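Chemist:
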Amino acid sequence: MTHINPRYVKETARKRAVKGLDSGDVRGDFQCEDCTMGKQARKPFQRVTTVDNCKPAEKLYADLVGEMPVPSLGGANCYLLIKDHATVFRFAYFLNTKNETTAYVKDCVVYLENETETTVKKFMTDNGTEFVNKNLKPFFRENGILHETSASYCPESNGKIERENRTIKDCARTILIEADLQQFIWAEAVLTTVYVHNRVLDKLSPDITAYEAIFKKKPSVGHLRVFGCTAYAHIPDPKTSPRLLTPKARKWC
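This is the structure in structure tokens:
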């Protein structure tokens with residue numbers, strides 16, 4: 001489960017928020033060395049709690065992470081994380097350059113508006129040029145979206161998405177450490193982490209998962225396997241001649 005806080009996994013099982021996960025499968029009374037290695041952090045800034053009621057897709061947060069130490073397996077050098085305020089559902093996009101941010105922001109806005117039948121009203125980011133530029137500014141204006149930016153040189157003022165990104169990076173780093181995989185698998189680790197987080201309860205979505213909140217159906221996690229485990233890929237039968245003694249699967253590990 002990508003080393004998510006075991007308390008959240010236990011609550012997800014206890015409340016039967018997903019299919020394929022039993023409460024007996026979860027233990028919370030252990031110390032994970034991989035988490036200690038992958039999630040060590042300083043004490044956080046004091047948080048200010050505000051009440052902000054809105055519908056799914058009305059308010060989005062975005063943050064760009066990069067440049068990464070090494071390109072991903074697919075050639076990406078950074079990634080964009082977008083989070084819906086109401087449902088806490090996350091989207092991860094992998095970019096070769098920061099200049100691709102505009103296209104992915106537009107795609108996400110259009111997708112969410114079509115999926116939820118709700119108009120995006122606010123888009124929260126930092127002051128990076130990947131968000132504050134001549135391409136996104138008219139897009140926000142033409143679609144009636146208020147673009148709010150955080151204070152310069154103060155990422156804590158965009159704390160919701162900054163904290164989310166730290167959690168995603170910590171879990172991605174931890175599963176890479178556990179699987180003993182090379183750093184260029186970072187994009188797969190990030191995508192897996194986001195996928196699982198959207199399907200597990202946490203303190204921001206204590207009753208239903210982010211997936212169910214936005215797609216209106218309960219997800220299943222019964223198909224999940226340990227990140228980096230051995231897998232077997234089926235080899236299709238050749239069309240020209242029968243295969244009698246050759247392997248029918250290829251082992252990947």
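Read in order, the letters of the sequence shown are residues 1 to 253 in our numbering. Don't be surprised by glycine CBs; every beta carbon is placed ideally from N, CA and C. These numbers were taken from a predicted model, which means no experiment stands behind them.
1. With DSSP as the reference, label ALA187 as helix, strand or coil.
2. For a test of the three-state rule: what should DSSP assign to VAL48, helix, strand or coil?
3. Which residue's Cα is closest to the Cα of SER152: HIS223, VAL132, LYS98 and ARG166?
4. I need the straight-line Cα distance from TYR93 to TYR104, nearest angstrom please.
5. Give me the Cα-Cα distance between ASN127 and LYS106, rounded to the nearest whole angstrom.
6. If you draw a straight line from the C-alpha of LYS203 to the C-alpha of SER72, how long is it?
7. Return yes when the Cβ of THR101 is within less than 8 Å of the Cβ of GLU148, no when it is not.
8. ARG90 and GLU164 look like a contact to me (Cβ under 8 Å); what is the Cβ gap, rounded to whole Å?
9. So VAL65 and LEU81 are in contact, right, with Cβ under 8 Å, and what is the actual spacing, rounded?
10. So, at 7 Å on beta carbons, what are the nonlocal neighbours of ARG199 in its own chain, with the 5 sequence-adjacent residues on each side left out?
11. By the DSSP assignment, the beta strand (DSSP E) with ASP84 in it spans what residues?
12. Is the distance from the Cβ of ILE161 to the Cβ of TYR61 below 8 Å?
Modeler: Let me lay it out:
1. Numbered from its first residue, the sequence shown carries residue 187 at position 187. Three-state DSSP puts ALA187 in a helix.
2. Within the sequence shown, numbered from 1, the residue matching residue 48 stands at position 48. Note that VAL48 has pLDDT 48, beneath the 50 cutoff, so the model's placement of it is unreliable and the number below is only indicative. Here VAL48 carries a coil assignment [DSSP, helix/strand/coil].
3. In the sequence shown, residue 152 corresponds to position 152, counting from 1. Distance from the Cα of SER152 is smallest, within the candidate group HIS223, VAL132, LYS98 and ARG166, for VAL132.
4. Here residue 93 refers to the residue found at position 93 of the sequence shown. Here residue 104 refers to the residue found at position 104 of the sequence shown. For TYR93 and TYR104, the distance between alpha carbons rounds to 7 Å.
5. Numbered from its first residue, the sequence shown carries residue 127 at position 127. Numbered from its first residue, the sequence shown carries residue 106 at position 106. Those two C-alpha atoms are separated by around 18 Å.
6. Position 203 of the sequence shown holds residue 203. Position 72 of the sequence shown holds residue 72. Each residue's Cα considered, the two are about 31 Å apart.
7. As a position in the sequence shown, residue 148 is number 148, starting the count at 1. As a position in the sequence shown, residue 101 is number 101, starting the count at 1. Not closer than 8 Å, so no.
8. Reading the sequence shown from its first residue, position 90 is the one you call residue 90. Reading the sequence shown from its first residue, position 164 is the one you call residue 164. For a cut-off of 8 Å, the C-beta gap from ARG90 to GLU164 is around 7 Å, short enough to register as a contact.
9. For this step, residue 65 is matched to residue 65 along the sequence shown. For this step, residue 81 is matched to residue 81 along the sequence shown. About 7 Å separates the two Cβ atoms, so the contact holds.
10. Residue mapping note: residue 199 aligns to position 199 of the sequence shown, counting from 1. If we look at ARG199 and ignore the five residues flanking it on each side, its Cβ neighbours are VAL18, THR209, TYR211, PRO219 and VAL221.
11. By 1-based counting over the sequence shown, the position of residue 84 is 84. Annotation for ASP84: the continuous beta strand (DSSP E) segment containing it runs 78-84.
12. By 1-based counting over the sequence shown, the position of residue 161 is 161. By 1-based counting over the sequence shown, the position of residue 61 is 61. Yes, they are a contact pair.
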